[in-house]
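Under our numbering, the first residue of the sequence shown is numbered 28, with each subsequent residue one higher. Glycine residues also receive a C-beta, built at the ideal position from the N, C-alpha and C atoms. Okay, structure first, notes after.
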Amino acid sequence: MAVSEPTPSPSAGGHSPLGRSSLNLPNAITVLRLILSIILFILIEMGQLWLICALLFSVAAFTDFLDGYLARKYGQVTVLGRILDPFVDKIIVCGTFIFLQNRSVGGLESGIAAWMTFVVIAREMYVTSLRAVMEQRGVDFSAQWSGKIKMVVQSIALPACLLTLSPVLHGWLEEQGLWSGFVVLRDVLLWATVAITLYSGAEYTVRGARLLRGEG
28 MAVSEPTPSP SAGGHSPLGR SSLNLPNAIT VLRLILSIIL FILIEMGQLW
78 LICALLFSVA AFTDFLDGYL ARKYGQVTVL GRILDPFVDK IIVCGTFIFL
128 QNRSVGGLES GIAAWMTFVV IAREMYVTSL RAVMEQRGVD FSAQWSGKIK
178 MVVQSIALPA CLLTLSPVLH GWLEEQGLWS GFVVLRDVLL WATVAITLYS
228 GAEYTVRGAR LLRGEG
């Protein structure tokens, strides 16, 4: 997740107890998230172990919160971290959408249509480009709350999509009479993801336009 400029640490000399090197714990956690995403994509392509896939994505999503929290707490924000962290976020989210779009296994469907994947990827490319332009002009264009909420909703929706491909979970929920309700919940989460993705993109656009007008 995007992180703000570090607050000086109370430790002696104003240095963090973890140091300011790029080889620090938050960045190591970010690299771990990248490794988890690669393992996740391999398992999705294999078309098996959907429960483990959902667990892997959830763990990776948690590390997204954890690395940002540690970076802020210990003054560990580095240039590498500011580049690598959002890059890995996009890899795991966009990659999962791509691998799951129109995916079906034994009659079970992920629920992700190709146009949903397009919306998510287009938004990420657009906001990244917009942020680059603004920062080149020396304008602060840090993450908005809508972007953070988007990540939270995606982190719930995508595991739900992975779970709906699990024959084991399908069989158990069918026995409990809960399968139809779970599919509806997945669809609601997906539509919420699309909605907050579009809203977030629009919010960044409005903010960028206001900043440019103020600059001009």
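Note to self: How far does the alpha helix (DSSP H) with S85 in it extend, from its first residue to its last?
What the structure shows: That run of the alpha helix (DSSP H) goes W77 to K100.
Check: By the 10 Å Cβ neighbour count, where 16 or more other Cβ atoms means buried, how is L50 classified, buried or exposed?
Finding: Around the beta carbon of L50, a 10 Å sphere encloses fewer than 16 other beta carbons of the protein chains shown; the residue is thus reported as exposed.
Item checked: For D50, three-class secondary structure by DSSP -> A quick correction: the sequence has Leu, not Asp, at residue 50. Here L50 carries a coil assignment [DSSP, helix/strand/coil].
Item checked: R213 versus V179 - alpha carbon distance -> Distance between the alpha carbons of R213 and V179 is about 14 Å.
Item checked: Own chain, CB closer than 8 Å to L107, minus 5 neighbours either side, in chain order -> Counting only Cβ-Cβ distances below 8 Å, and skipping sequence neighbours, we find S49 and N54.
Margin query: Short of 6 Å in beta carbon distance, which residues of its chain neighbour L127, apart from the five on each side in sequence? Order them along the chain.
Written below: Apart from the 5 residues on each side of it in sequence, L127 sits with its Cβ closer than 6 Å to the Cβ of S137, I139 and C188 in its chain, given in chain order.
Note to self: With distance defined between alpha-carbon atoms, name the residue in Y96, T123, G74 and N129 nearest to D112.
What the structure shows: Of the candidates Y96, T123, G74 and N129, the one whose C-alpha sits nearest the C-alpha of D112 is Y96.
Next item on the list: Count the CB pairs spanning the segment 161-170 and the segment 205-223 that are closer than 8 Å, and state whether there are at least three.
Entry: Result no; under three Cβ-Cβ pairs closer than 8 Å.
Checklist line | Exposed unless 16 or more other CB atoms sit within 10 angstroms - verdict on G134 | finding: Exposed, because fewer than 16 other Cβ atoms sit within 10 Å of the Cβ of G134.
Notebook entry, point to check: Straight-line CA distance for A98 to R60?
Noted result: If you draw a straight line from the Cα of A98 to the Cα of R60, it is about 15 Å long.
Notebook entry, point to check: With a CB to CB cut of under 6 Å and the five nearest residues on each side skipped, what residues in its chain are close to D94?
Noted result: Here the set comprises P53, I56 and T57.
Check: Which of helix, strand or coil does DSSP assign to L135?
Finding: In this structure, L135 counts as strand in the three-state DSSP scheme.
Check: Does the beta-carbon distance from F84 to L200 come in below 8 Å?
Finding: No; because the gap between Cβ atoms is not below 8 Å, this pair is not in contact.
Notebook entry, point to check: So, is S156 buried or exposed, given that buried needs 16 or more other C-beta atoms within 10 angstroms?
Noted result: With fewer than 16 other Cβ atoms from the protein chains shown falling within 10 Å of its own Cβ, S156 counts as exposed.
Margin query: What ranges does the alpha helix (DSSP H) occupy inside the segment 97-177, keeping only unbroken runs of at least 4 residues that lie completely in it?
Written below: Within the segment 97-177, the complete alpha helix (DSSP H) runs of at least 4 residues are 106-127 and 141-163.
Margin query: Contact defined as beta carbons within less than 8 Å: I believe V221 pairs with V160. What is the distance between those atoms, to the nearest angstrom?
Written below: About 25 Å; that fails the 8 Å criterion.
Notebook entry, point to check: Is it true that the CB of Q181 sits closer than 8 Å to the CB of E230?
Noted result: The answer is no: Cβ separation not under 8 Å.
Note to self: Please state whether the Cβ-Cβ distance between T232 and R150 is less than 8 Å.
What the structure shows: Here T232 is not near R150, since their CB atoms are 8 Å or more apart.
Checklist line | T123 vs L78 beta-carbon contact at 8 Å | finding: For the 8 Å CB-CB criterion, T123 and L78 do not form a contact.
Margin query: Residues in the same chain with beta-carbon distance under 7 Å from I176, minus the five sequence neighbours each way, listed in chain order, please.
Written below: I223, listed in sequence order.
Item checked: Presumed contact (8 Å Cβ cut-off) between V132 and L70, rounded CB distance -> Incorrect: roughly 12 Å between the Cβ atoms, too far for contact.
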